[in-house]
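Notes for the one structure printed next.
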Amino acid sequence: MHEISMAKHLSDEALAAKAAEGSRASFEELVSRYSPRLFYFLRHRTETDQDIEDLVQETFLKAFKNIDRFNPEWKFSTWLYTIAVRQAISRFRSIKTAKSSLAATSSNPDPEEIVIQKEESQNIWKLANTLTKKQFEALWLHYAEDMPVKEIAKVTKKKPITVRVLLHRARLNLAKRIDRASFAENLAGTTPVEHKFSFL
Amino acid sequence: MKRRGKMFCSIYKWMISQAADSEKPIPGYVKHHTHRCDTCREFAQLCESLKPKFAQDKQVLLENYDEALDKKIITALPRESTPILDQQVVTRKLKTHRPALLPALGAAFLVLAVSISIIFLAVPRSENATSLGRISELVSAASPEGVLVKVESPLEREYMELKQTLDSTTKFLLSSLNFRIGQQAE
Numbered sequence: 006m007h008e009i010s011m012a013k014h015l016s017d018e019a020l021a022a023k024a025a026e027g028s029r030a031s032f033e034e035l036v037s038r039y040s041p042r043l044f045y046f047l048r049h050r051t052e053t054d055q056d057i058e059d060l061v062q063e064t065f066l067k068a069f070k071n072i073d074r075f076n077p078e079w080k081f082s083t084w085l086y087t088i089a090v091r092q093a094i095s096r097f098r099s100i101k102t103a104k105s106s107l108a109a110t111s112s113n114p115d116p117e118e119i120v121i122q123k124e125e126s127q128n129i130w131k132l133a134n135t136l137t138k139k140q141f142e143a144l145w146l147h148y149a150e151d152m153p154v155k156e157i158a159k160v161t162k163k164k165p166i167t168v169r170v171l172l173h174r175a176r177l178n179l180a181k182r183i184d185r186a187s188f189a190e191n192l193a194g195t196t197p198v199e200h201k202f203s204f205l
Numbered sequence: 033m034k035r036r037g038k039m040f041c042s043i044y045k046w047m048i049s050q051a052a053d054s055e056k057p058i059p060g061y062v063k064h065h066t067h068r069c070d071t072c073r074e075f076a077q078l079c080e081s082l083k084p085k086f087a088q089d090k091q092v093l094l095e096n097y098d099e100a101l102d103k104k105i106i107t108a109l110p111r112e113s114t115p116i117l118d119q120q121v122v123t124r125k126l127k128t129h130r131p132a133l134l135p136a137l138g139a140a141f142l143v144l145a146v147s148i149s150i151i152f153l154a155v156p157r158s159e160n161a162t163s164l165g166r167i168s169e170l171v172s173a174a175s176p177e178g179v180l181v182k183v184e185s186p187l188e189r190e191y192m193e194l195k196q197t198l199d200s201t202t203k204f205l206l207s208s209l210n211f212r213i214g215q216q217a218e
């Protein structure tokens with residue numbers, strides 16, 4: 006019990022070091038810290054919630070088995086997300102999500118889609134979820150995990166310039182979607198919008 | 033003129049995005065452009081507001097997460113503590129090395145067998161060496177020491193053979209000479 010309360014105050018890296026020494030409670034704390042984050046991060050790669058759950062579980066199992074290989078000088082989040090991305094690639098290599106195709110063909114959205122985007126714009130992550138898989142992942146790692154471009158490149162096995170381009174395109178596409186969302190809001194006439202980004 | 037303006041806008045937007053990546057302020061000349069350009073200004077405003085908005089909405093998103101998955105993951109973890117896992121890793125490493133060791137040993141054995149057989153075939157041996165006649169000759173030798181000498185010393189055998197050849201040659205030459213001498217005497 007004491008070990009569990011202690012674990013809550015430790016950093017991720019310290020918890021990982023303790024887990025490598027055999028502390029199960031430390032690893033359980035890491036699971037509770039990261040499972041929701043991994044769940045939303047991997048959501049873009051899969052089609053069903055069951056698939057995401059399986060993938061999150063596999064990621065933690067792999068991390069648990071290899072926790073002695075974790076170097077505490079690195080960020081734990083970088084290490085864990087790298088495992089998650091590799092697991093996802095090996096599991097869903099051939100599956101392309103329907104969301105990616107939706108994003109690719111969304112240059113002229115129908116009114117129904119505009120309404121959906123309006124609802125989604127209440128939470129910017131849901132709006133970001135309509136972007137391509139790569140753009141969403143870059144945004145998540147940068148804004149949700151506070152990773153600099155270099156670390157995102159390491160996790161996703163891409164060049165830093167590719168990550169920069171992905172982030173830039175994601176921002177441009179978000180701007181377009183917000184534009185549409187505010188347009189829909191104006192059409193509905195629910196609230197007068199003084200500025201396109203007033204909801205931000 | 034309009035197209036050129038658009039082209040510059042995409043460059044300015046890229047620079048605004050780069051500033052957002054590195055969390056540095058937008059350069060002065062880009063800022064100057066945003067005062068005149070509506071789309072670039074809106075984009076700069078969006079980039080500035082993204083970080084706090086994403087952080088705020090992340091909290092809302094994670095609050096809706098079903099914690100049942102946490103329990104599921106924790107129960108799925110192996111019961112053993114990680115030091116035991118360390119041993120598992122070591123045994124796994126050994127297991128992974130073993131398949132590499134076996135072919136190496138097999139190859140070494142094969143090379144050894146091939147080289148022995150080559151040596152065996154390459155070394156010249158007389159046909160009589162293993163024949164029954166030679167064995168009976170050895171058995172019928174007068175003294176056991178003599179047998180040992182004959183068996184153990186190939187040089188001795190060679191010497192004996194040369195001596196025999198020389199003897200027979202001498203006998204032949206002598207007989208030939210006698211015949212000629214006789215002819216000359218006549």
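Going line by line, the protein sequences match chains A and B.
For the first sequence, our numbering assigns the number 6 to the initial residue and increments by one for each residue that follows.
For the second sequence, our numbering assigns the number 33 to the initial residue and increments by one for each residue that follows.
Glycine included, every Cβ here is placed at the ideal spot set by N, Cα and C.
Predicted model only: the values in this text are computed from it and were never measured.
For I166(A), the number of other beta carbons within 10 angstroms of its own is below 16, and it is reported as exposed. Chain A places a beta carbon closer than 8 Å to that of A108(B), counting this residue as a contact. In the assembly as shown, N96(B) is an exposed residue. Its beta-carbon has fewer than 16 other beta-carbons within 10 Å. Within the same chain, and ignoring the five residues on either side of R169(A) in sequence, the residues whose Cβ sits closer than 8 Å to its Cβ are V154.
Note on geometry: alpha-carbon atoms of A145(B) and S185(B) lie some 28 Å from one another.
Chain order gives the chain B residues near L66(A) as I105, A108, L109 and P110, where near means a beta carbon separation below 9 Å. Using a Cβ-Cβ cut-off of 7 Å, Y97(B) is close to P41 and F44 of chain A, given in chain order. CA-CA distance, S208(B) to T201(B), rounds to 10 Å. When C-beta atoms of the stretch 47-58 of chain B are compared with those of the stretch 70-84 of chain B, three or more pairs fall below 8 Å, so the two segments count as touching. For F75(B), the closest Cβ of chain A is nearer than 8 Å.
Residue-level contact by beta carbon holds for Y148(A) and chain B, with a gap shorter than 8 Å. DSSP, reduced to helix, strand and coil, places F44(A) within a helical segment of the structure shown. If you check each beta-carbon in the stretch 153-164 of chain A against every beta-carbon of chain B, the ones closer than 7 Å belong to V154. Taking 8 Å as the CB threshold, D70(B) stays off the interface with chain A. For W130(A), the closest Cβ of chain B is nearer than 8 Å.
Counting the other CB atoms within 10 Å of its CB gives S28(A) a total of 16 or more, which places it among the buried residues. Annotation: Cβ neighbours of K83(B) in chain A (cutoff 7 Å, chain order): Y148. A30(A) has a beta carbon lying at 8 Å or more from every beta carbon in chain B. Identification of residues in the stretch 61-87 of chain A having a C-beta nearer than 7 Å to some C-beta of chain B yields V61, Q62, F65, L66, F69, K70, I72 and D73, given in sequence order. Secondary structure of K164(A) (DSSP, three-state): coil.
In this structure, DSSP gives Y97(B) a state outside helix and strand, which the three-state scheme calls coil. Taking C-beta separations shorter than 8 Å and ignoring five residues to either side along the sequence, the partners of R48(A) in its chain run I57 and N134, following chain order.
Following the DSSP letters along the chain, one finds F65(A) inside the alpha helix (DSSP H) bounded by residues D54 to K70.
L35(A) does not reach chain B, its nearest Cβ partner there being about 10 Å away, counting only Cβ pairs nearer than 8 Å.
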